[in-house]
Each structure stands twice: as structure tokens, then as C-alpha cells.
Amino acid sequence: MPISGNDLRELLERLGITDLNEGASTGVEWLECRGGIIQSLSPIDGIPLGSIRQASGDDYERAVSAAVQAFEQWRMVPAPRRGEIVRRLGDAFRSCKRDLGLLVSLESGKIRSEGEGEVQEVIDICDFAVGQSRMLYGLTMHSERPRHRMYEQWHPLGPVGVITAFNFPVAVWAWNAMIALVAGDTVLWKPSSKVPLCAVAAMKIAGRVLDACAVPPGVLNLVIGKREDVGDLLAADHRIPLLSATGSVRMGRTVGRTVMERLGRPLLELGGNNAVIVTKNADLRLAVRAIVFGAVGTAGQRCTTIRRLIVERSIRDTLVDMLINAYRQIRIGNPIDEGVLMGPLIDRHALKAMQEALETLRLQGGRILYGGEILSGGIYDRGAYVTPCIAEARNDFPIVQQETFAPILYVIAFDTFEEAIACHNGVPQGLSSSIFTRDIREAEWFLSHQGSDCGIANVNVSTSGAEIGGAFGGEKDTGGGREAGSDAWKAYMRRQTTTINWSEEMPLAQGIRFDLD
Ligand code: UN1
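Residue numbers for the sequence shown follow my numbering, so the first one is 919 and each next one is one higher.
So, in C-alpha cells, the structure goes:
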């Protein structure tokens, strides 16, 4: 059932969303902003969800000053104690999972299960970060000098900037923020202006916990604002030693350049052009399920979405037929409705980009095998609804080389395994990848040094839907950053190598002599 006006009002009320919301917060306080007002319209049917008064440059300054100031105290709170606060944040998100998940769906257009799944990622990274708060381990080394001890320790880094995209309105913030918090950093979050209410709601949930734990203002900050008012300042701000940015390659190049200019640390998670290789040794039933989720989930708007299907020629027709058959069964519509698997694209710009990509594909010699139409009538007229597309293409088509943030799956046939790997790696981006095969040689080749060149490489698992426990990110134009699990926490801390002399001599390393007499 679509959500009624009454239910929507109650939902927003429970999440602390009002008709007009401030666009900046220091965690426990909301700043009175002086930027222009924007309205958040649901991509599902265009209904207004609420308005935001954006942060101006001055408001940004107030938030960043709070983050700088709070860092002085926060860094001295013992890490397990910081972890305790993150544990309570996780509990708060756990109890709001349904409500926040629904708002994610309403504001981004993803289906309910994916909206709730996104909040689950927030909860998971909180749990992970709690454990990490007791495992900020450094190594000890054996010194070459007698009675000397060497070790390394990890210190908090400073206020960390986090820029997130529309497609994961809360999870990507949490991957960064929760790890940063246990690392002793404060956080300044600039979310996409396409999904501002999710950010407001997440900060309200977090704010209650921070308040109850008497955390000072400035530990978790939010600034919703225009690129020129907020984003550019954030990138250029030397008080922000680390800026983690998720978005397009174009955005990453600009932000990365500005951060590097001041010798700050950029952590970039940019576009993907993810492929699945399917060989004749694959379990096609599994492959079809994974491809449909990976290519159509979130309406093709994940950075991990499957964009290329590299399939062995002998099974190409069979697999394409199976996929078309599966695509026909996909219900497209209101993502809040039970059984719907694909909602709208985020906006008309995304729709235009998709249509232009398909037109370019035709001009470059490609052929549409299924879908790619704009839907009309009923709810379809109130949002950007399309049928997901399967198209025949060649890897060297310029349009295939770029990421179009839409559900277009390019099918490319291969004859030899070498060719499949070359084609797989033959794009500028390097985020996620996968192979479907039951042949151990093919799987191991794909995972070897001469195999996939991506940050994520899976076997019989889709390219999308990664768990938070691994480090998330990719190579080449994807930007090289790693977020979330594994040892990604190290990027959020400052490593210090220490040598202690407890002898009565002053020996120099490398046997150097520098005696006065
Ligand atoms: C993104 O699209 O920016 O692996 C993040 C996935 C999700 C995260 C995607 N866990 O698809």
C-alpha cells in the first residue's frame, strides 16, 4: 500500500522532521541557518516531504569551528568509552530502522527492503566500530639499538569531512562517521541536497544519544548546503585533515585536487563500471539472480551496480533469454508497495542521462535487446520511471567506458578467458567485480594478480550488496579510497612512530658515529 498522507505526517513527526528544517547541526544543537530554502520532493510521486533552510558560508564556519573545538575534548575520551557511545548510537538506529528505512525509500526512491537494508548497514557499522574501539592496535618493533624500544601508536586525526551521494543517504555517512568517532575524530557531514531529510533524521536520532551521553556540541556535525557555499569551503579547509567524498569521478577530481593542493588527505569513493564475467561453467540460475539484483537493484543507481555482462559466447543467447525472462517479471512502481522491485530514478536529469546514453549507444553501434523505455500513466507520470535495459554492446564503445547512473546492462560476448579478463579490466574505473563459474581455475585466475583489477572481486556473488566488514572502495578512477571495515580505520588516525632510549648511551642507528671527542 502506498503511504497515506496521515501516515506520512506521523512518520515525519516521529523522525523529528518538521515543515521547515534547519540545515546545520552540531549534533546536540541545530543552528539557525541563513542560506536559501530547498524543498525535498519524493522521487516516487513528487509529493513534498519537507523543506530545509540550507547552511550559508557563515553557518559552515560555525559548524566547522564547533568540530575543531570539540576535537580538543573528544580525542581525550578513552576509545572504548567513545565506542560505548557508538554502541548506543547503534541501538538508537536499531529501534528506528523501520521509520528511517521508510524515509530513505521515500526520499531516494529505493524499495523498502533496500531502504531498511541501508539502515541495517548503519547498525552493522556501529557494531563493528564498537569492537574496533578496543582494537586500535599499533605494532611494536625490535630496535637495532640496545635498550631501545620502538613502537607505533595511533592518534586521533582531527575533524573529518564526509561528503555523501543521494543513492545511500545514510549508510555511507555512518561508514565514515562511526569509524571516525571511535578513532577520536569529530565529523562534519555534507550530504547530497537531493536527500537532505534523511540526513536531518539521522542526525536527530544521533543527537538524542549524544545529548543523553552529555557529548559536547561539535562531535557530529551536519551542513546541508550548496557546493559553492559549503562543499568548496570544506574541500579547501586546512582544518579538515581528511575529506572522505563519495560521488562521481568528476566531483572526485575537483575535490581531490583541492584537498591535495593543501596537502590534506582525500579519501575518494567514486564511480564504478562494474562487470560480471559469466563462463560456460557457471551455475546460470545463480548468475541470473545475482545479475538481476546487481543490475536492477536501486534502479541501477548504486556505485556497485552491474553495468557490464561479459559472457562466454556459447552461453550468451541462453543467458540473455533467461535475463529477459527475469526482467519481464520485475514489478516497477511505487517502491513502498510490497512486491515492487524497482522504483523511479532519482530525478528527470537521471532519466535524460539514461535516454541520452541509449541514443549514444545506438549511434555507436549497440542494440537494445530489452527495455529502456520511459513509463507513463498513473504514478509513472509523477516520477522518472523506466524499464531496465539490456543492450548488446562492445567494450570499446565510448558510452560503455563511462558510468551512466541508470539500469542499463551492456552485454559483451567473449571467446577466450584472456579476452574476458582484458575486457573486464579495460575501463577507467575499478570498483567492484565478479565472476560466475564453478571452475576453480577460472575463479582463481580472476582473483590472481593478473585477474580483476578492482577493489572488490567476488566469486558467484553480485558486484553490489557488499557487507560492511570488508574495506569498501576501488582502484583507478574510482579513487583508491577504502571505507567501512577491515583496517579502513587507519585512514582516520594519525600514525606515530616512537623510539625510546632507556640506556645510558646515545647510539645512533645505521652505525653512524657522531662523537664530539
Ligand atoms: C554506493 O553505491 O555508494 O555494496 C555504496 C553495496 C552497498 C554500498 C553501495 N553496500 O552495494
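For each residue, glycine too, the CB sits at the ideal point set by N, CA and C.
This structure is a prediction, so every number in the text was calculated from the model and none was measured.
- Residue 1345 and residue 1317 have their C-alpha atoms some 11 Å from each other.
- Contact between residue 1348 and residue 1312 does not hold, since their C-beta atoms are separated by about 20 Å, which reaches or exceeds 8 Å.
- A direct Cα-Cα distance of roughly 8 Å separates residue 1426 from residue 1063.
- Counting the other Cβ atoms within 10 Å of the Cβ of residue 1272 gives 16 or more, which makes it buried.
- Closest by C-alpha distance to residue 1193, out of 1329, 1400 and 957, is 1329.
- Taking every protein chain shown into account, the CB of residue 1215 has 16 or more other CB atoms within 10 angstroms, so this residue is buried.
- For residue 1059, the uninterrupted beta strand (DSSP E) run begins and ends at 1058 to 1060, by DSSP.
- Restricting attention to 1286, 1261 and 1160, the CA atom closest to the CA of residue 1399 is found in 1160.
- In the structure shown, residue 1031 falls within a helical segment according to DSSP collapsed to helix, strand and coil.
- The ligand UN1 has a heavy atom closer than 8 Å to the beta-carbon of residue 1083.
- For residue 933, no alpha helix (DSSP H) segment is defined, and its DSSP state is neither H nor E.
- Within the same chain, 1348, 1349, 1350, 1351, 1392 and 1393 come within 7 Å of residue 1372 by CB-CB distance, once the 5 residues on both sides are set aside.
- With a cutoff of 8 Å, residue 1014 does not count as near the ligand UN1, since its C-beta is closer than that to no heavy atom of the ligand.
- Around the beta carbon of residue 1429, fewer than 16 other beta carbons lie within 10 angstroms, which makes this residue exposed.
- For residue 1043, the CB stays at least 8 Å from every heavy atom of the ligand UN1.
- Inside the segment 1096 to 1174, DSSP marks whole beta strand (DSSP E) runs of 3 or more residues at positions 1105 to 1108, 1138 to 1141 and 1160 to 1164, from first to last along the chain.
- Not a single unbroken stretch of the beta strand (DSSP E) spanning 3 or more residues falls wholly within the segment 1253 to 1277.
- Around residue 1319, the same chain offers 1345 as residues with beta carbons nearer than 6 Å, after the five sequence neighbours per side are excluded.
- Relative to the ligand UN1, residue 1164 has its C-beta within less than 8 Å of a heavy atom.
- Take residue 1404, set aside five residues on each side of it, and the residues of its chain with a beta-carbon closer than 6 Å to its own are 1388 and 1389, in chain order.
- 9 Å or more divides the Cβ of residue 982 from the Cβ of residue 1134.
- With a cut-off of 8 Å on Cβ pairs, the segment 1143 to 1156 is in contact with the segment 1097 to 1113, counting three or more such pairs.
- Residue 1016 sits in a helix when the DSSP states are folded into three classes.
- Sixteen is the threshold: since fewer than 16 other Cβ atoms of the shown chains lie within 10 Å of the Cβ of residue 1334, the residue is exposed.
- Within the same chain, and ignoring the five residues on either side of residue 993 in sequence, the residues whose Cβ sits closer than 6 Å to its Cβ are 1074 and 1102.
- Residue 1260 sits close to residue 1217, with the two beta carbons spaced by under 9 Å.
- By the C-beta density criterion, residue 1270 is exposed, having fewer than 16 other C-beta atoms within 10 angstroms.
- With a cutoff of 8 Å, residue 1221 counts as near the ligand UN1, since its C-beta is closer than that to a heavy atom of the ligand.
- Per the coordinates, the alpha-carbon of residue 1143 lies some 41 Å from the alpha-carbon of residue 1378.
- At a Cβ-Cβ threshold of 9 Å, residue 1185 and residue 1032 do not count as neighbours.
- When secondary structure is reduced to three states using DSSP, residue 1240 falls in the helix class.
- Residue 1392 has its CB no nearer than 8 Å to any heavy atom of the ligand UN1.
- In the three-state reduction of the DSSP assignment, residue 1342 falls in the helix class, which pools H, G and I.
- At the C-beta level, residue 1213 and residue 1223 come within 9 Å of one another.
- Here residue 1303 carries a coil assignment [DSSP, helix/strand/coil].
- In this structure, residue 1360 places its C-beta atom within 9 Å of the C-beta atom of residue 1199.
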